[in-house]
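K.L.:
I am attaching a structure below and will ask some questions about it afterwards.
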Amino acid sequence: MNFNKLGKKIKNRRNYFFRFFSELPLVFKILKQKSYFPEQERKSKWVQFIDNIFWLIKSNEANQFYQLYGLDIVGSKPDSFMDYWHFMNSRNRLNKINTTKAQTILLRDKYLFYQYMSFHHLPVPEVFAFMHNGELKDSTLKSLDFSLLKNKTNYFIKEIDGECASFIKKIRDFNHFSQIKSSISKGNYVLQKGLTQNFEMAQLYPEAINTLRIVTINNNDHIQVLSVLLRIGTKETGNVDNWAKGGIAIGVEKNGFLKKYGFYKPSYGTKTSIHPDTNVVFEKFQIPNYQEALDLACKAHEKFYGIHSIGWDIAITTEGIMIIEGNDNWEISLMQACDRGLRQEWTEQGKLKAN
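Mapped onto the numbering used here, the consecutive letters of the sequence shown carry residue numbers 3 to 357.
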């Protein structure tokens, strides 16, 4: 008898049951959340409960996006949606096949990302300076005097490996920079030129750069688009379009028109067909240069040949289409909420890569 295997099996089973019972209280909280589609016929509470228990059994996690996915509606199909736990593990596994971590660091480090993309003549916002533990350097890492920032206005300071807008400050001028300088005296930050989105995109919401999230996949050396959504800022988010801070996420049709509804994170609301601050009707709005943005994302992915999937953040600016960043650790939940259930397509990707 292999006692190591037996011990591992017992440990895994114990961990499964521990997680199951720790996640169970979330199920009851989920059932109390507001429906995103109250105008449609909803499943009974009992059926919703069964849905969530089955999801918990299969995925070993509560489905916190149950209402956002519209799974409380009669006729919805939970099995068409990918759970986050299995997706995350498969995404990370697929992104490490036939590659090294060197390529993912080129995506995660904003300074290296800028240098690599610039080398390949791909359009990215200029990183004109870099801060390391309070010391200012230029884009070649040569030391600079802070007085050289006196004429710089309307730029961004970003944590070099920050995620979900963990640290982003829009700097108005040198006085503003001086006020926040002490808060960035430790760590690494890039100073990035501000962008001006084009007139049409500004109609959606002018205070933030509204960005496309385009997920591309490398399907046996053929780059293709898997899913697309648009993130729009609101008064809640200020100068960023971050969904986690009160922004709106909307699916995009193949012709570049927005879908009917934009979605809030559950803690900020449910859905809306009109922007709350600008009154733009989403389904009447067409994203300019949409196909060019998709083509650019695919072209950029070619330079990361060893990474299976990348979530690109792309802006439509007065200077053209700009790649803000690429993410190997993109999340599937919001893509599914705004676009469609991706379980079957994503599972097929795993099978293709294995072959």
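Positions of the beta carbon are idealized from the N, C-alpha and C atoms, including for glycine.
In whole angstroms, give me the CA-to-CA distance for TYR68 and ILE225.
P.N.:
Looking at the two C-alpha atoms, the distance is approximately 31 Å.
K.L.:
Just list the alpha helix (DSSP H) runs in the region 134 to 200, keeping only unbroken ones of 4 residues or longer that don't cross its boundaries, in chain order.
P.N.:
Segments of the alpha helix (DSSP H) lying fully in the region 134 to 200: 176 to 182.
K.L.:
Report the residue from GLN66, GLU41, GLU43, LEU296 whose alpha carbon sits nearest the alpha carbon of LEU26.
P.N.:
The residue with the shortest Cα to Cα distance from LEU26 is GLN66.
K.L.:
Give the list of continuous beta strand (DSSP E) stretches no shorter than 3 residues that lie fully inside the region 227 to 308.
P.N.:
With a minimum length of 3 residues, the continuous beta strand (DSSP E) runs that stay inside the region 227 to 308 are 250 to 254, 260 to 265.
K.L.:
Assign ASN1 to one of three DSSP states: helix, strand, or coil.
P.N.:
Outside the modelled stretch of the chain, which goes from 3 to 357, sits residue 1, for which no answer is possible.
K.L.:
Quick one: residues in its chain with C-beta nearer than 8 Å to the C-beta of ASP111, no 5 flanking neighbours on either side, listed in chain order?
P.N.:
Within the same chain, ASP111 has close Cβ partners ILE162, ASP163.
K.L.:
Taking the alpha-carbon of TRP348 as reference, which of PHE20, PHE83, LYS45, ARG16 has the nearest alpha-carbon?
P.N.:
The option with the nearest alpha carbon to TRP348 is PHE83.
K.L.:
Look at the alpha carbon of ALA339 and the alpha carbon of LYS152, and state the distance between them as a whole number of angstroms.
P.N.:
Going by the C-alpha atoms only, they are around 44 Å apart.
K.L.:
Does DSSP put GLY352 in a helix, a strand or coil?
P.N.:
In this structure, GLY352 counts as helix in the three-state DSSP scheme.
K.L.:
Whose C-beta lies closer than 8 Å to the C-beta of ASN100 among residues of the same chain, with five residues either side of it excluded?
P.N.:
Here ASN100 scores only 49 on pLDDT, less than 50, and its place in the model should not be relied on; the value that follows carries that caveat. Cβ neighbours of ASN100 beyond the five flanking positions: GLY308.
K.L.:
At the 7 Å Cβ level, is GLU347 part of the contact set with chain C, yes or no?
P.N.:
Checking the listed chains, one finds no chain C in this structure; it contains a single protein chain.
K.L.:
In the structure shown, what three-state DSSP assignment does VAL126 receive?
P.N.:
In the structure shown, VAL126 sits in coil (DSSP, three-state: anything other than H, G, I, E or B).
K.L.:
Would you check if the region 121 to 131 and the region 169 to 179 touch, i.e. whether three or more CB-CB distances between them fall below 8 Å?
P.N.:
Result no; under three Cβ-Cβ pairs closer than 8 Å.
K.L.:
With three or more beta-carbon pairs closer than 8 Å as the criterion, would you say the region 178 to 197 touches the region 124 to 143?
P.N.:
Segments in contact, yes.
K.L.:
Compute the Euclidean distance between the alpha carbons of PRO127 and ILE182, then round it to the nearest angstrom.
P.N.:
About 22 Å.
K.L.:
Which residue from GLY196, TYR18, ARG215 puts its Cα closest to that of THR319?
P.N.:
Measuring from the Cα of THR319, the nearest candidate turns out to be GLY196.
K.L.:
Taking Cβ positions, are GLU85 and SER61 nearer each other than 7 Å?
P.N.:
For the record, residue 85 in the displayed sequence is Asp; it is not Glu. Contact: yes.
K.L.:
Could you give the residue range of the alpha helix (DSSP H) that holds SER335?
P.N.:
Per DSSP, SER335 belongs to the alpha helix (DSSP H) from 335 to 340.
K.L.:
Look up PHE67 in the DSSP assignment and say whether it is helix, strand or coil.
P.N.:
If DSSP states are grouped into helix, strand and coil, PHE67 belongs with coil.
K.L.:
Secondary structure at ASP330, three-state DSSP: helix, strand or coil?
P.N.:
Coil at ASP330, not helix or strand.
K.L.:
Pick from ASN177, SER145, LEU143, LYS160: whose alpha carbon is nearest that of LYS154?
P.N.:
The shortest C-alpha separation from LYS154 is found at ASN177.
K.L.:
For MET3, count neighbouring C-beta atoms within 10 Å of its own C-beta (all shown protein chains included) and say buried if the count is 16 or more, exposed if not.
P.N.:
Caution is warranted here: a pLDDT of 48 is assigned to MET3, below 50, making its placement in the model unreliable, and the coordinate value is therefore given only provisionally. It is exposed - the Cβ of MET3 has fewer than 16 other Cβ atoms within 10 Å.
K.L.:
Would you say the region 295 to 311 touches the region 201 to 221, given that touching needs at least three Cβ pairs under 8 Å?
P.N.:
The region 295 to 311, when compared against the region 201 to 221, does touch it at the 8 Å Cβ threshold.
K.L.:
Give the range of the alpha helix (DSSP H) segment to which SER61 is assigned.
P.N.:
Run containing SER61: 47 to 61, per the alpha helix (DSSP H) assignment.
K.L.:
How would you write the range of the alpha helix (DSSP H) that SER82 sits in, first residue to last?
P.N.:
Note, SER82: premise wrong, no alpha helix (DSSP H); not H, not E.
K.L.:
Which residue comes first and which comes last in the alpha helix (DSSP H) that contains SER120?
P.N.:
112 to 121 is the extent of the alpha helix (DSSP H) around SER120.
K.L.:
For ASN257 and PHE23, what's the separation of their Cα atoms in angstroms?
P.N.:
Using only the alpha carbons, I get a separation of about 45 Å.
K.L.:
Is it the case that the Cβ atoms of MET337 and SER229 are separated by a distance below 7 Å?
P.N.:
Yes, the Cβ-Cβ distance between MET337 and SER229 is below 7 Å.
K.L.:
Check the DSSP bridge columns for ARG21 and list the partner residues they point to.
P.N.:
In DSSP, ARG21 forms no bridge with anything.
K.L.:
Got a sec? Which residues, its chain only, sit under 6 Å from LEU298 by beta carbon, not counting five neighbours each side?
P.N.:
So the qualifying residues of the chain are ILE323.
K.L.:
Taking the continuous beta strand (DSSP E) assigned at ASP315, which residues delimit it?
P.N.:
From DSSP, the beta strand (DSSP E) with ASP315 extends over 311 to 319.
K.L.:
Using the beta-carbon count (16 or more within 10 Å), is ASP243 buried or exposed?
P.N.:
Buried, because 16 or more other Cβ atoms sit within 10 Å of the Cβ of ASP243.
K.L.:
Tell me which same chain residues have a C-beta within less than 7 Å of the C-beta of GLN35, skipping the five on either side of it?
P.N.:
Hits under 7 Å: GLN69, PRO268.
K.L.:
Taking LYS31 as the reference, which of TYR18, ILE55, VAL192, ARG44 has the closest Cα?
P.N.:
Measuring from the Cα of LYS31, the nearest candidate turns out to be ILE55.
K.L.:
Identify the residues that DSSP records as bridge partners of THR213: which are they?
P.N.:
Note: THR213 sits in a beta bridge opposite ARG233, ALA317.
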